[in-house]
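There are 2 protein chains.
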Amino acid sequence: MDQLKITYFDVDGGRAEPARLALHIGGIAFEDHRFSFSEFAEVRKATPLSQVPTLQVNDVQVTQSGAITRYVGKLSGLYPEDAFQALLCDEIMDGVEDASIKLGVTFGLTGDDLKNARNDLVVSVFPKYLRWLQKQLESHGGEFFAASSLTIADLKVFVFIRGLNSGHLDHVPTNLVETVAPKLNEHMQRIAQIPAIAQHYSKNSAA
Amino acid sequence: MDQLKITYFDVDGGRAEPARLALHIGGIAFEDHRFSFSEFAEVRKATPLSQVPTLQVNDVQVTQSGAITRYVGKLSGLYPEDAFQALLCDEIMDGVEDASIKLGVTFGLTGDDLKNARNDLVVSVFPKYLRWLQKQLESHGGEFFAASSLTIADLKVFVFIRGLNSGHLDHVPTNLVETVAPKLNEHMQRIAQIPAIAQHYSKNSAA
């Protein structure tokens with residue numbers, strides 16, 4: 001059995017979270033190496049592109065969250081074997097990553113710069129992605145995003161929607177998703193009830 | 208047989224090019240729908256996220272270049288079946304996309320803004336990615352980026368390196384790759400000699 005280790009910030013969200021969730025659902029043991037924001041400057045020195053997350057597979061350290069999530073998704077049975085369904089799964093993964101990148105560039109901004117950038121996201125950017133995601137969900141059966149079963153696409157959307165609703169993002173109203181694409185909230189609630197996910201969050205919030 | 212159609216700018220590069228090359232190598236027929244930059248405002252109205260490329264598979268239009276490239280890579284036998292080799296292939300794909308996004312935000316800038324942004328890429332950003340790519344190539348055997356055989360990772364890197372060398376990017380010296388990571392140029396030259404690729408470029412440049 002390969003030794004797996006995920007290195008990422010000590011937050012229950014962001015770019016490592018879909019991979020963590022996939023491994024929990026698959027019942028695959030891994031080292032969940034978490035560090036604080038203040039440790040990032042040191043941690044990044046030992047990563048391939050000064051970025052996290054990384055996945056270590058035995059002695060090989062791999063970068064890029066999409067690649068990592070897809071790999072552990074395969075290990076966990078959460079990635080479609082059918083090429084066309086995998087295409088639809090990947091499309092959702094990459095679309096959410098697209099939106100996440102647009103959010104990412106606003107971190108580090110402050111004051112009016114932050115307010116204006118976030119306002120632009122809320123008014124112009126996120127609604128476009130949210131409506132697209134809701135439309136994809138509906139046209140693929142309403143329950144899952146691809147393959148009529150749980151895949152890493154569902155986990156990627158779940159983590160993104162959970163973040164938007166969290167109230168942790170300044171100037172992003174917590175009712176944005178409910179207003180623009182309420183079926184994504186219903187999807188989020190269904191995913192949250194998956195036993196391994198419910199257990200993961202109850203454990204971490206109790207810690 | 209599925210009807211495939213790729214919609215993208217009429218350029219021999221950018222985000223659709225690895226998918227076009229994969230389909231040519233695989234000998235898979237597709238409609239190569241190209242449009243001029245001035246037509247983009249109209250074309251994007253009919254795309255899922257106002258973005259290109261799109262891939263149409265019969266009557267389904269799909270967005271996101273990584274997803275598209277991976278799908279046609281599978282059709283063309285250019286995507287590893289082994290999960291770990293697929294991880295290494297995806298890591299390269301996503302890493303190059305990362306660098307491409309950083310380049311992408313400089314398009315539209317002018318004057319000193321463009322010069323400063325491009326200079327930052329040349330001094331700080333691209334060398335990091337180029338050295339990392341060269342290191343990956345070397346540690347995976349020196350000839351290909353994953354699976355000891357041609358994959359979409361090779362095509363993604365090929366298109367990126369070809370773009371950096373092209374002289375079409377203002378303030379990016381055409382000897383940057385040769386200076387920083389010369390083995391990527393050797394790789395590029397090997398890939399360019401693949402008959403389907405050589406034929407593709409000789410046909411287009413003659414048109």
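Residue numbers (our numbering), protein chains in the order written: chain Y, 1 to 207; chain P, 208 to 414. Every residue gets a Cβ at the ideal spot worked out from N, C-alpha and C, and that includes glycine.
Could you have a look at residue i and say whether DSSP puts it in helix, strand or coil?
i, result
"I401 (chain P)", "coil"
"R15 (chain Y)", "helix"
"L78 (chain Y)", "coil"
"I28 (chain Y)", "coil"
"Q406 (chain P)", "helix"
"L55 (chain Y)", "strand"
"H378 (chain P)", "coil"
"A146 (chain Y)", "strand"
"T386 (chain P)", "helix"
"Q64 (chain Y)", "coil"
"T276 (chain P)", "helix"
"H240 (chain P)", "strand"
"F40 (chain Y)", "helix"
"L211 (chain P)", "strand"
"F314 (chain P)", "coil"
Is the Cβ-Cβ distance between residue i and residue j less than 8 Å?
i, j, result
"I275 (chain P)", "P255 (chain P)", "no"
"R34 (chain Y)", "F9 (chain Y)", "yes"
"L391 (chain P)", "L337 (chain P)", "yes"
"G66 (chain Y)", "D319 (chain P)", "no"
"D2 (chain Y)", "N58 (chain Y)", "yes"
"V330 (chain P)", "K309 (chain P)", "no"
"R325 (chain P)", "H394 (chain P)", "no"
"Q136 (chain Y)", "A181 (chain Y)", "no"
"A223 (chain P)", "I235 (chain P)", "no"
"L4 (chain Y)", "L55 (chain Y)", "yes"
"G349 (chain P)", "S355 (chain P)", "no"
"I404 (chain P)", "L228 (chain P)", "yes"
"R162 (chain Y)", "G26 (chain Y)", "no"
"I152 (chain Y)", "R70 (chain Y)", "yes"
"A353 (chain P)", "L295 (chain P)", "yes"
Check the Cβ-Cβ distances between residue i and every residue of chain C, and say whether any is below 8 Å.
i, result
"I401 (chain P)", "Annotation note: the requested chain C is absent from the structure, which comprises protein chains Y and P."
Assuming the contact rule is C-beta atoms closer than 8 Å, residue i and residue j should be a hit. Round their C-beta distance to whole Å, please.
i, j, result
"L164 (chain Y)", "V177 (chain Y)", "5 Å"
"F160 (chain Y)", "A86 (chain Y)", "Actually they are not in contact, since the Cβ atoms of F160 (chain Y) and A86 (chain Y) sit about 20 Å apart, beyond 8 Å."
"V364 (chain P)", "I299 (chain P)", "6 Å"
Determine, using beta carbons only, whether residue i comes closer than 8 Å to chain Y.
i, result
"P260 (chain P)", "no"
"P334 (chain P)", "no"
"R277 (chain P)", "yes"
"L256 (chain P)", "yes"
"G302 (chain P)", "yes"
"L310 (chain P)", "no"
"F291 (chain P)", "yes"
"L281 (chain P)", "A quick correction: the sequence has Lys, not Leu, at residue 281 (chain P). It does: the Cβ of K281 (chain P) has a partner Cβ on chain Y nearer than 8 Å."
"L344 (chain P)", "no"
"L316 (chain P)", "no"
"A248 (chain P)", "no"
When burial is assigned at 16 or more other CB atoms within 10 Å of the CB, is residue i buried or exposed?
i, result
"G374 (chain P)", "exposed"
"A253 (chain P)", "exposed"
"Y408 (chain P)", "exposed"
"V279 (chain P)", "buried"
"D154 (chain Y)", "buried"
"K74 (chain Y)", "buried"
"V105 (chain Y)", "exposed"
"Q396 (chain P)", "exposed"
"T270 (chain P)", "buried"
"E345 (chain P)", "exposed"
"E288 (chain P)", "exposed"
"P18 (chain Y)", "buried"
"S283 (chain P)", "buried"
Within 8 Å of any Cβ in chain P, is that where the Cβ of residue i sits?
i, result
"Q64 (chain Y)", "yes"
"D90 (chain Y)", "yes"
"V57 (chain Y)", "yes"
"A46 (chain Y)", "no"
"L87 (chain Y)", "yes"
"A67 (chain Y)", "yes"
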